[in-house]
Structure formats: structure tokens, C-alpha cells
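Following: one structure in C-alpha cells, then a few remarks.
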Amino acid sequence: MVQLFANALSDAGLYVLLAIGFGLILTGTRIFHIAHGATITVGGYACYTISVSAGLPVYVGAAGSVLAGMLLGLVINRVVYMPLVRGRRGGPASSFVLIVSSLGAYLVISHGISLIYGTDTKVLRPGPDWTVRLAGVRVTVIQLCNMLIATATLVGLWFVLIRTRLGRLIRALADDPELVAVLGYDVAGLRAVIFGLASGLAGLAGAFTALDSGLEPASGFAAVLVAAVCCILGGVGRLLAPALGALILGVLTNLVAWYIGANWQNAAIFLLLMMTLLVRPQGILARRRRLEEQ
Amino acid sequence: MSYAVQIAEMFCVYAILGLTLNLVMGYGGLLSLSHGIFFGLGAYTTALLMLHLEWQFLPACAAAIAVCSFVAIVFALPTVRLRGDYFVLSTVALHMIGYCFLYNLVAVTRGPYGITGIPCPAIAGIGIASRHGALAIAFGSLVIVTLLQWQLARSPFGRVLRAVRDDETAALSLGKSVVWVRGFAFGISGGLAAIAGGAFAVYHGYLHPASFTLNNSVLIVTLVVVGGSGTIRGPLVGALFVTLLPELLRFLPVADAGRADLQQIIFGLLLVLAMRFRPEGLAGVYRYD
Amino acid sequence: MTEPGRSAELELQGVSKSFDGVCALNCVDAEFRPGTVTCVVGPNGAGKTTLLAVSSGFVRADAGQIRYGDQTITRLRPNQIARMGIGRLFQDVRLFRRLSTLENVTVADQRSRGEHPLAAAVWPLIGGRHERENILRARDHLDFVGLADRADKPAKWLSFGQQKLLAISRLLNCGAQCMLLDEPTAGLSPNMVAQVVSTIRALANKNRTIVVVEHNLTVVRALCDWAYIMDDGNITARVRADEIAQRLGRNASGIAASESPPSQPRE
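Chains as they are written, first to last, in the working numbering: chain A, 1 to 294; chain Y, 295 to 583; chain S, 584 to 850.
And the structure:
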């Protein structure tokens, strides 16, 4: 049972990395960034290219992932979203237009990866996992790193969002974008920062997923769905709430895998999502009341 | 010749799927990524009823329509009140849950082993054993669905659906129940998609969950967006495009797997370009604004 | 139960509503009787539109009761309230932009049976007569407001003034017995203003209950029997038509600004 909880924590750590970035974009720019999944995939493949193909050490690979993710996020924002958000004669684009564009971008990028690298699962660590025994529980080094990095990310993000001017601006943007624009701040620049930051995290998450369970071009979609579920569970409108969603999801997936079977994990995750959407769409730690309904 | 028949059958199936999804998207203004699972549920229901309970094709198809309509309405009534993005996510959830059941409920659906040996359809006592016959069924279904769709679009139901799409608040102020209008649209859309499933099942004679993944839902959405939203001809154009593109790509000197990726890349590019420059698609009228 | 075709009194008792700590309605009491036109006047932000929103169910009151006839409608949904006979004209018009002008009016018909999808599928066999009457009635309404020649054009091609008139004829076809009109004459030319005013007067004479939020005092004087003056979420006075001018002349400066004739149509 404790082993279960340890696995859950480590999975939650991974989900945190996935979800925090997605949540940052969703809260800060109100865009449902499906292409975040593509960023995650690219991060993983960047790490693969650097570590395996070029033979450089893993931490260089991870750094490369962050960089690649960041770049891709900024490009997607500039090329796909900005023209739509600026809008044409009818005004800014509807959420339908944004989400379909995001889907299109995801398809292009993930299948581009597939075209270049092939669809076979790539392995980043040819060799057994190094495991460690801690307090009677067996964890792999990767899982430990997961949890550590996730915690570090949360702390770091908390610091940036609460203590810095930039963070305050981001929170203001999440609350009231029109007001921020009217006050003369560079909203486009802020959004770019949000995308860069969140996508860097996504790249790192991609590297960790790759190290943990191998690399496939299609895995990004599942990852972004998990991120979305964490955000909705935890609460939209609070920038660090996805972490709670990640924890719940980590526990749920491991419980289901243990008692029912790993192949039913998806059904469990999405049933939980449906229940949340129907009963409390604003999430557990919601700050705003029911803005999710018309 | 059988190659052309195959293409024609694929066109008919995708045209039905596109027309039915268009009811929800182009006329209803909602994005649904769950259409693939109604396709699958319809196919599996028809196949299982024919295979295990020895039902005839038409009653089996009718039952499939009933099942899909029921699931669709039960899903839609509580969820259509959700804000745009959240509704889309709920349709994804529906698909993923449905697919999980399809894949893992091996006792019923035989999961990854697939269903084989679906009996030949018989209509009014006449057995139809050939591919051409099955194509005729698919084409006949397409004609029926097109007529129904055209009729619905012209009717007061179509009018109130478009009104709700254009301005929910104004529709409420006229006494319209937005939830039921959208719920019914979703229910009809899911129910009629079952027809495509039935035609698909009896043409191929076997079923596998891999035909009904989320990618399939994305493909149907792509065909509606690119072909055209809010008209009858839009999804027909879209189905033509989606059916012919893979064939055109055969002429390129690319490996098989690469071709599939290239196809998806083209679809993705078209989605992005369409949303940016021509949201109504090639032959549509609704711009999702 | 309010009979269809018979209008009733709309009454608000102690209705309060706040948005994010800002009080929009503060313990408001008001009554609107059948056969009368009651105007609601006041400066911007006084709570006039909120009053309409709460009465039509689009906003949930924090406290108080709203009654229509012998029914309490405080907790009902907007479409339920609309079916009881309360119709609303929005300040920003809210047409169905992609529907044709005629369809905007025909869709308002509350008794259409073809709106159920199963009926719609066999429409030509069953629904013809009712729908034909609906279309004839709609064309009459359009003719009355001068839009008959635009019947088949998309509503978004109409000018703002024409859109206003279309919204009014849509409300007429809805068969609303109690009408909540939010600035019905704003943005209209003087001719159209006169036309709208005479239409509203005629409706009141047919025993409908009419509530009009207006800034244009000329219209207020010409149109209404009674007026509520609102300021800062409170109703400060209830006056008869002839007393309006002198009452408002003495009030806050915000009212004086609205004495000027209607300028640009609002977007």
C-alpha cells in the first residue's frame, strides 16, 4: 500500500509538470492549448536526439528539452494564436476557432515528428532502472527526480507568481485581460512569456516521460488530456491548483491499475473528469463561481 | 473494380458521418470530438445483434440507431450547458470512456481480437452477399441520411437550432429551451451516425476497435471543417476530399507509414489555414464566429 | 395560472442584486400593470437594465420576490419566464444574425410544433398549416415595421435601426403579453421613433403590460402613463406622466444629459 502511494506520488510529480504549464496557459490566456501535447512530444525527442543520437549526458538532453519546448511554444503562439486573437473584422476569434487551430497545429507537429523519427517507441536508457530503497519503498532514480523537479517547479513558480512583478502581471492578466491592456501593459508580450514558460515546462515533462516510459510520437495527446483533467479537477483560475489535480489523478490511476487493471485507467480518469464537469466544473479549489456555464 | 467499390464505400460512410456531425457543428455551433465512438457503437451494436442474436440487418440497424440516440441524448442533456472548451473536453471524455469499454469488455466486444464473420445483410428476405450489394446499402443509407438532414435543416427544428447557435440569450428570451434543442440535435446526430456504423460493419464483415479511435473523431471533424459547415454539400465535399487524398498521395514516392503521416500533416495544415482564412470551409456557410 | 392571451401584473417586492460587491438593485419595490406603459428612467448605472434582467430571469435576485399574476417567478429560468408571456427587448438588440429577417420573426412563434425533431422529420406531412399561418403573421409584422422587402435577406445586413425594428416585430410574433423594452428607440431616426412609440401605445391599449427603459425624455413623455425614477440601485420616485418633466428637472445632472436627442446608434 505504501508502495502504491509512492508510485502515485511519482506519477503525480510527472502530471504536475504536464499540468502546471497547461494550466498557466489556460488561466492566463484562456486558450485550450491542445498543441501543448506536441510540445511535450518535441521535448522528449529533443532529449532523445541530444542524449542518444549525439551521446551527450542526460542533463544536457533535459536542458535541450526545455529550450526546444520553449521555442516551439513561442512559435505556435506567434504563428497560430496571435493572428486569431488579434482578429479580423468580426473581432477576436471564438473559442471554437482557437481550439480547432490548436488541434491542427498538434497534428502537424506530432506527425512531423513521426515522419522524421518513425513511429517505433524509442528508449532513452538502454539498461535497467537504478532503484533505491527509501523507508521500505522501492523507487527508481527517475521517479525520485520526477518528484524533486516537480516540487522545485512548484516552489519556483510560486515564487515567480507571488513575489515578482512579472508574476503579478500574469495573475492580473488571468483575472482581467482587458484591464491589463487598458493600463498600458504589453499584453502580447505577457502572453508570449506565459507560453514560453509553460512550454519550457512541457519540454521538461516530455523528457521525463521519455526517460520513464519510452518515446512515441502519439503520446503527447494522452499527456495533454491528463494535463487538462488535472487542471479542471484542481480548479481553473488558481495557478497552482493543478498540482492538487495531479495528486488526485496519480492516486486514482495507481489505485485503478492495482485493483482493476491498467487498461481501465483511461476510463477511470475520464469518468472522474465527467463527474467533475457535471457537478463542480470550476474545480475543487475554485476561486470563481461557475464561470464555466453560459 | 473492387478498388473503386472500396473507395465508394468509404466515401458513403464518411459522408454520412460528416453530414450527421454537421448537424451539431455547422447548424448547432458545437464542437464534438465524440462522433467516432457513435460510429463505433453503431457498428458494434449492429454486428453483435446480427451475429449473436441472428437479427436481420434492418432491425439491427434500427436498434443501433436507438442505442446511439439514447447514449447521445443522455450525454448531451447535462453537458450542453458547459462553456465551449469544457463541452469539447466532455465529448473527448465520452469517446475515451466508450473506447475503453469497446477495447476492454472482451466478453462482449472481443476487444482487440475484433469481431469477425459478420453475416451478410438481408433486406426484405433477399440476401446480399457481394461487395456491390453492400455498397448499395451504404449508398442507400447515404441518400436517406442526406434527405433527412435536408429536411431537418429546413424545418422549424433546424431554424430554432440555428437561432440557438446564433444567440443563446435571445433564444432563451423567446421561450426556447436551449438545453433540449441542443440535446436533441446531439441525439439525432449520434443516432444517425449509427447508420454509417451498420453499413460499415456489413461491408467489411469484421470490426476492430482500431477503426474507432479518437483519431477517427478528429478525422470526421476535419472533413466537416474543410468540406464546409452549415450546408448539405459541405460534408459531401469533405468526405470526397478525405477519401481521395490518401489515393492521391499514393503517387508520391513516400513509404507507407510516411504517407499516413503526410496525410495527417496536410489535414492539420488545412485545419489551421481554414480557421485563419476560411472557417466556413470549401462549400459551407457558417464561420464559427 | 396566467391564461395565454391575458396579461397580468408584474410585481417586484424587495428585490436586491449585487455584482461583485457593487449593489445594482437595492430592495426595489415596483409594480407594472396591464394596459399601462411604465417607463424606468435614471442615469447610467442606476440599475435599470438589471431590473429588466431580474424580471426576465436572466439574473438571479439575491433577495426579494418577483410575481407575475399569481405566479412567483423569482427562481425560474429565462425560457420558462418567456413561456409565461414575458418578453424582452435587449439594449444590444441580439438578433439571430445568420437567419433571414423573416426567420428571425417566424422562429419567435411559441406554439410551433415543428420544433420537436421527430415532428420535423415528417414536417411536410403534418405541420403545414400552422407554419403557413406563422409565416403570414410574420410577414404582416415585417410589413408593419417596413421591413417586408428585406424578408429573405440575412438579418446581419440590416442597419442598426432596422435591426431594432426587427427585434420589435420578433417580440410581437412571440405573443408576449408583458414586454420589457430596453431602450427601444435608441439609435432610431425621428420617423421610426414615432412609429415605435405609436406601436407601443397601441399594444398597451390592447391590455399588455409594458415596461420601457428609456433615456429620451421626449419619448418618455409621449409614451408612458407612469414612470419610476431610479438612481444607484434604488427607486427614488414613482410619478405620473405629467409630473415627469418637473421631477427630473430637479434631479441629478446625469438625467439632464439624456435630454439631448439620440445621437449615434450604439454598436
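In this text, a Cβ means the ideal position worked out from N, Cα and C, and glycines have one as well.
For lysine 600 of chain S, the uninterrupted beta strand (DSSP E) segment begins and ends at 593 to 602. Listed in chain order, the alpha helix (DSSP H) elements of length 4 or more contained wholly in the segment 327 to 403 of chain Y are 329 to 346, 351 to 373, 378 to 398 and 400 to 403.
Within the segment 726 to 769 of chain S, the complete beta strand (DSSP E) runs of at least 3 residues fall at 761 to 765. One thing to note: leucine 335 of chain Y has its Cβ no nearer than 8 Å to the Cβ of alanine 495 of chain Y.
Per DSSP, cysteine 807 of chain S lies in no alpha helix (DSSP H) segment and is marked neither H nor E. Against cysteine 757 of chain S, the close residues of chain Y are Ser467, Leu468 and Gly469, in the order they occur along the chain (beta-carbon pairs closer than 9 Å). By the criterion of a C-beta distance shorter than 6 Å, serine 483 of chain Y is surrounded in its chain by Thr314, Leu317 and Val318, once the five residues flanking it on both sides are discounted. Under a criterion of Cβ atoms nearer than 9 Å, no residue of chain Y is adjacent to leucine 800 of chain S; the nearest Cβ is some 27 Å distant. For asparagine 609 of chain S, the CB contacts under 7 Å within the same chain, skipping 5 residues up- and downstream, are Ser599, Gly816 and Asn817 in chain order. Annotated three-state conformation of glutamine 663 of chain S is helix, per DSSP. The closest CA to that of alanine 418 of chain Y, considering only Y:Ala360, Y:Leu352 and Y:Ala358, is found on Y:Leu352.
Sequence-ordered contacts of the segment 764 to 784 of chain S with chain Y are nonexistent [C-beta pairs closer than 8 Å]. Just so you know, the alpha carbons of valine 132 of chain A and methionine 1 of chain A end up roughly 18 Å apart. With respect to chain Y, the C-beta atom of leucine 285 of chain A has no partner C-beta closer than 8 Å. If one requires a minimum length of 4 residues, the alpha helix (DSSP H) runs lying completely within the segment 220 to 269 of chain A are 242 to 259, in chain order. When Y:Leu468, Y:Asn398 and Y:His426 are compared, the shortest CA-CA separation from tyrosine 297 of chain Y is found for Y:His426. Between the beta-carbon of valine 66 of chain A and that of isoleucine 109 of chain A there is about 17 Å, and that puts the pair past the 8 Å contact cut. Three or more pairs of CB atoms, one per stretch, sit closer than 8 Å, so the segment 97 to 112 of chain A contacts the segment 554 to 565 of chain Y. In the DSSP annotation of this structure, glycine 283 of chain A is not part of any alpha helix (DSSP H), being labelled neither H nor E. For arginine 681 of chain S, there is no enclosing alpha helix (DSSP H), as DSSP marks it with neither H nor E. Distance between methionine 344 of chain Y and valine 437 of chain Y, taken at the CA atoms: about 23 Å. Counting along the chain, the unbroken beta strand (DSSP E) around glycine 670 of chain S starts and ends at 669 to 672. Note: cysteine 606 of chain S is bridge-paired with S:Ser601 in the DSSP secondary-structure output. Think of a sphere of 8 Å around the beta carbon of glutamine 693 of chain S: the chain Y residues whose beta carbon falls inside it are Leu468 and Gly469, in chain order.
Residues of chain Y whose Cβ lies closer than 7 Å to the Cβ of proline 83 of chain A are, in chain order, Arg570. Between the alpha carbons of alanine 257 of chain A and glycine 312 of chain Y lies a gap of roughly 37 Å. Burial check for methionine 295 of chain Y: the Cβ neighbour count within 10 Å stays below 16, so the residue is exposed. Taking C-alpha positions only, phenylalanine 159 of chain A is separated from serine 53 of chain A by approximately 36 Å. By the C-beta criterion, the segment 539 to 549 of chain Y is judged not to be in contact with the segment 354 to 361 of chain Y, since fewer than 3 inter-stretch pairs fall below 8 Å. By the rule that beta-carbons nearer than 8 Å mark a contact, tyrosine 582 of chain Y touches chain A.
Scanning chain S for C-beta atoms nearer than 8 Å to the C-beta of phenylalanine 478 of chain Y yields His699 and Pro700, reported in chain order.
Alanine 358 of chain Y does not reach chain A, its nearest Cβ partner there being about 22 Å away, counting only Cβ pairs nearer than 7 Å. Closest in alpha carbon position to isoleucine 260 of chain A, among Y:Leu466, Y:Asn398, Y:Ala504 and Y:Phe305, is Y:Asn398. Check the Cα spacing between glycine 481 of chain Y and each of Y:Thr373, Y:Tyr308 and Y:Gly532: the tightest is with Y:Thr373. Only those residues of the segment 266 to 282 of chain A whose C-beta falls short of 7 Å from the nearest C-beta of chain Y are listed: Asn266, Ala267, Phe270, Leu271, Leu273, Met274, Leu277, Leu278 and Pro281.
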